[in-house]
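Worksheet: one structure, shown below.
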Amino acid sequence: MDLGITGKNALVTGGSRGLGRQCAISLASEGVNVAICGRTASTIDGTVSDLEALGVKAVGVAADVTEIDDLPRLHRECVEGLGPIDILVNNAGGSMGVTDLAETPLDNYRAVFDFNLFNGYELARLVLPHMREQGWGRIINIASIWGREHGGNIGYMSAKAAVIAATKHAGLSLAQDGITVNSIAPGSISHPGGGWERFQRDQPEEVVSDFIETHLPMGRFGWPEPVGDLCAFLSSDRADLITGSCIVVDGGQSHSMI
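If you want the numbering used here, it's the position in the sequence shown, counting the first as 1, plus 1.
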């Protein structure tokens, strides 16, 4: 299927590894020029080389998206390298080690929102004028099944639930501008350097086996390609009737029916 997005420009946060890297690769495979950001220069450079090998322009910017005041620089350098951003994938996020209500100070709780919600919100505001001017744009937020139901710690659950809610509101408010806004809620996806890879490596075999048997109907952890390919599809005109949605990619892991 030709998604019709060849020559578009995308920015993928946290795009040097894991799900962000796969989203970048899936977009580049459709002819999209891709800018990525990350914290580690070596992984950024390696991913940029992989993207360029697919025949597109690629830009890597070292940035910590939790530094909200630095996001205009990130956006500016991406635009200077590629041109105005047509597709934004807000992928950067994580749990940041907080736990429950009793053990999580407010500053830590707020920091998880900075990492998972506020950086994507600010970047969306930065790319919005160009998208509105041309009457076309795609914003895709990587959430989690644990933003829809119980799982993870209080900060991560709360922030990912907020990502899903903000996506719904933005998707409806921007619908008449030709801009779609959707979220993807992955389940337990294993990838190099990720938390679920570490879990499988560091936990006793019986613990890993019990988790798989109890939580993963397919009998295995998820893998990044379905998330990346869904991201590419949602970035296309083939998905132009989908906005404000949260699409689950979890192999049947989650329990929520909404």
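Glycine included, each C-beta is placed from N, C-alpha and C at the ideal position. On a predicted model such as this, the values are computed, not experimentally measured, just so you know.
Counting along the chain, the unbroken alpha helix (DSSP H) around Gly21 starts and ends at Gly19 to Ser30.
When rounded, the separation of the alpha-carbon atoms in Val60 and Glu207 is 43 angstroms.
Along the segment 139-224, the beta strand (DSSP E) occurs as fully enclosed runs of 3 or more residues at 180-187, listed in sequence order.
Taking one beta carbon from each stretch, the segment 103-122 and the segment 30-48 have fewer than 3 pairs nearer than 8 angstroms; the two do not touch.
In the DSSP annotation of this structure, Leu102 is not part of any alpha helix (DSSP H), being labelled neither H nor E. Counting along the chain, Ala233 sits inside the alpha helix (DSSP H) bounded by residues Glu226 to Leu235. Close CB contacts of Phe200 within its chain, under the 8 angstroms cut and outside five residues either way in sequence, are with Val209 and Phe212 (chain order).
Bounds of the alpha helix (DSSP H) holding Asn120 are Asn120 to Gln135.
Exposure of Leu102 is indicated by the presence of fewer than 16 other C-beta atoms within 10 angstroms of its C-beta.
Counting only residues of its own chain and dropping the five nearest sequence neighbours on each side, Val49 has a CB closer than 8 angstroms to the CB of Ile37, Ala59, Val60 and Gly61. Assigned with DSSP and collapsed to three states, Val80 falls in helix. A straight-line Cα-Cα distance of about 10 angstroms links Gly136 and Leu129. For Ala36, the secondary structure class from DSSP, reduced to helix, strand or coil, is strand. Judged by DSSP secondary structure, Ala93 falls outside any alpha helix (DSSP H); it is assigned neither H nor E.
Taking a contact to require three or more Cβ pairs closer than 8 angstroms, the segment 212-232 and the segment 5-22 qualify as touching. In this structure, the CA atom of Gly148 is about 16 angstroms from the CA atom of His170.
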